[in-house]
Amino acid sequence: DGQSLTIRKPDDFHVHLRDGNVLKTVAPLSAAQFGRILVMPNLKPPVVTVEDAKQYRDRILKAVPGVDLIMTLYLTDNTTPEMIRDAANSGIVKACKLYPAGVTTNSASGVTSLDKISKALHAMEELGIILCVHGEVTPDVREDMFDREREFVRSVLVRITSTYPKLKVVVEHVSTKEAVEYVLSHPSDNISATVTPQHLCFDRSALFKNSKLHMDLFCLPILKTRDDREAIRSAVKSGSRRFFAGTDSAPHPQCDKIEGAAGVFSAAAAVELYAEAFDEMDAMEQLEPFLSENGARFYGLE
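What follows is the structure, encoded as structure tokens:
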């Protein structure tokens, strides 16, 4: 009905800008909606060193001059404490991303065992580099796609937070009641979660609406039950500072998407989708903290 709402420019704490011609197409769309952008490192080959991050950052800035970028490194079994120290001293890298090997798009080079990165995680804890986790176990651990995040919370996240109590951890694209409850109930403010537009707006019934498979809503972690979505909505509606926007906008060529590539490309309409969800929840007063404040506070960017 023509109402308007003025908020501080939002931040996106989880986005895939890709590379090459795709980068040139999609980066301006994210930059138009968001002030600060946390860039995911799962390129081919992945962004594993500060030098990789600098070169990638330069390519992004060529496509969209002036955008405020927060760079991340991709953790592998070979990530060393020295590489973490370089990141801490770089001025551009604030976080490292943990992909369990083989769990999602371009994750083949990911971590095969937490033991392999224990020294790197200790260095991150010591130097204040944030750990962003793709919170799903691999198919060999839990075959059912709908249970992989729940199992990750039980068997991996608990281990990370207890072994590295001072490490700041972001549970990316939270999609289950169990993950939400873990973040909400954790005794320390060192844990938080990003929420995507799709996990806030839809549940898995939308994937199969009218007896058709809607590939445009297929992402990892996959959309879950209505109860899971309600848990996410309840958390953001509560005003908890531990939840903030991370679109996980993930573009794919249409031919790949039709064949089932995982990822929802939401960059061009993400803020509107979030606003729609908060309006539905009758929680518009929480939209600005969720979009523009909570993430910046957690990352120390205020």
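Each residue of the sequence shown is one higher than the one before, counting from 196 in the numbering used here. Glycine is no exception: its CB is placed at the ideal position from the N, C-alpha and C atoms.
Cα separation between A491 and E497?
-> Position 296 of the sequence shown, counted from the start, is the residue given in the question as residue 491. Position 302 of the sequence shown, counted from the start, is the residue given in the question as residue 497. Using only the alpha carbons, I get a separation of about 6 Å.
Could you tell me which residues DSSP puts in a beta bridge with L268?
-> Here residue 268 corresponds to residue number 73 of the sequence shown, with the count starting at 1. Partner(s): C291.
Is H209 helix, strand or coil by DSSP?
-> What you label residue 209 is simply residue 14 of the sequence shown in a count that begins at 1. In the structure shown, H209 sits in a strand (DSSP, three-state: E or B).
Does the beta-carbon distance from H409 to S370 come in below 8 Å?
-> Counted from its first residue, the sequence shown places residue 409 at position 214. Counted from its first residue, the sequence shown places residue 370 at position 175. Against a cut-off of 8 Å, the Cβ pair of S370 and H409 comes out as no contact.
Close Cβ partners of Y211 (< 6 Å) along its chain, the five nearest in sequence each way excluded | Along the sequence shown, one-based indexing puts residue 211 at 16. Reading the sequence as shown, one finds His at residue 211 and not Tyr. Same-chain partners within the cutoff: M235, A445.
C-alpha gap between Y251 and A226, whole angstroms | Sequence index remark: in the sequence shown, residue 251 carries index 56 (1-based). Sequence index remark: in the sequence shown, residue 226 carries index 31 (1-based). Their backbone Cα atoms lie some 16 Å apart in a straight line.
So what's L408 in DSSP terms, helix, strand or just coil?
-> If you number the sequence shown from 1, residue 408 lands on position 213. Reduced to three states, the DSSP call for L408 is coil.
How big is the Cα-Cα spacing for A290 and I324?
-> Against the sequence shown, residue 290 aligns to sequence position 95. Against the sequence shown, residue 324 aligns to sequence position 129. Those two C-alpha atoms are separated by around 5 Å.
Given 8 Å, three or more beta-carbon pairs between the region 311-328 and the region 268-288 = Verdict: yes, contact present.
Given P162 as reference, the closest of I417, D206, L218 once Cα atoms are compared = Given a span of 196 to 497 for the chain in the structure shown, any question on residue 162 remains unanswerable.
For N489, I'd like the list of residues in its chain whose CB is within less than 6 Å of its CB, leaving aside the five on either flank, ordered along the chain.
-> Mapped onto the sequence shown, residue 489 falls at position 294. So the list reads R436, F439, once near-sequence residues are dropped.
Where do the N-terminal and C-terminal ends of the beta strand (DSSP E) with A456 fall, by residue?
-> Start at 1 with the first residue of the sequence shown, and residue 456 comes out as number 261. Taken as a continuous stretch (DSSP letters only), A456 belongs to no beta strand (DSSP E), as it is neither H nor E.
Beta-carbon proximity list for R424, same chain, < 6 Å, skipping 5 on both sides | Numbered from 1 along the sequence shown, position 229 holds the residue referred to as residue 424. Answer for R424: D398, listed in chain order.
Segments of 3+ residues assigned as beta strand (DSSP E) that fall wholly inside the region 364-447 = Here the runs fully enclosed are 364-366, 386-390, 438-440.
Using a threshold of 8 Å, state whether the C-beta atoms of V328 and E373 are closer than that.
-> Sequence index remark: in the sequence shown, residue 328 carries index 133 (1-based). Sequence index remark: in the sequence shown, residue 373 carries index 178 (1-based). For the 8 Å CB-CB criterion, V328 and E373 do not form a contact.
Just curious, the alpha helix (DSSP H) that I255 is in, first and last residue?
-> Numbered from 1 along the sequence shown, position 60 holds the residue referred to as residue 255. Unbroken alpha helix (DSSP H) run through I255: 245-258.
Could you check if V353 is buried or exposed, using at least 16 other CB atoms within 10 Å of its CB as the buried criterion?
-> Working through the sequence shown from its first residue, we reach residue 353 at position 158. V353 is exposed by the Cβ-count criterion.
According to DSSP, what are the bridge partners of D263?
-> Taking the sequence shown and counting its residues from 1, the one referred to as residue 263 is at position 68. Answer by DSSP bridge pairing, in chain order: R231.
Identify whether V298 lies in helix, strand or coil by the three-state DSSP scheme.
-> Mapped onto the sequence shown, residue 298 falls at position 103. Of the three classes helix, strand and coil, the one that applies to V298 here is coil, per DSSP.
Measuring alpha carbon to alpha carbon, tell me which of F473, R254, L412, K239 ends up nearest R428.
-> Translated into positions along the sequence shown, residue 428 becomes position 233. Among F473, R254, L412, K239, the Cα nearest to that of R428 belongs to F473.
Measure from the alpha carbon of E310 to the alpha carbon of each residue in P241, D384, T271, then state which is nearest.
-> By 1-based counting over the sequence shown, the position of residue 310 is 115. Position check: residue 310 holds Asp in this sequence, whereas Glu was assumed. In terms of CA proximity to D310, T271 leads the group P241, D384, T271.
Rounded Cβ spacing between Y269 and V242 (contact assumed at less than 8 Å) = Residue numbering aside, residue 269 sits at position 74 when the sequence shown is read from its first letter. Residue numbering aside, residue 242 sits at position 47 when the sequence shown is read from its first letter. With 8 Å as the limit, Y269 and V242 qualify as a contact, their Cβ atoms being about 5 Å apart.
Integer Cβ distance of D207 from G441, believed to fall under 8 Å = Taking the first residue of the sequence shown as position 1, residue 207 is located at position 12. Taking the first residue of the sequence shown as position 1, residue 441 is located at position 246. Confirmed, Cβ separation roughly 6 Å.
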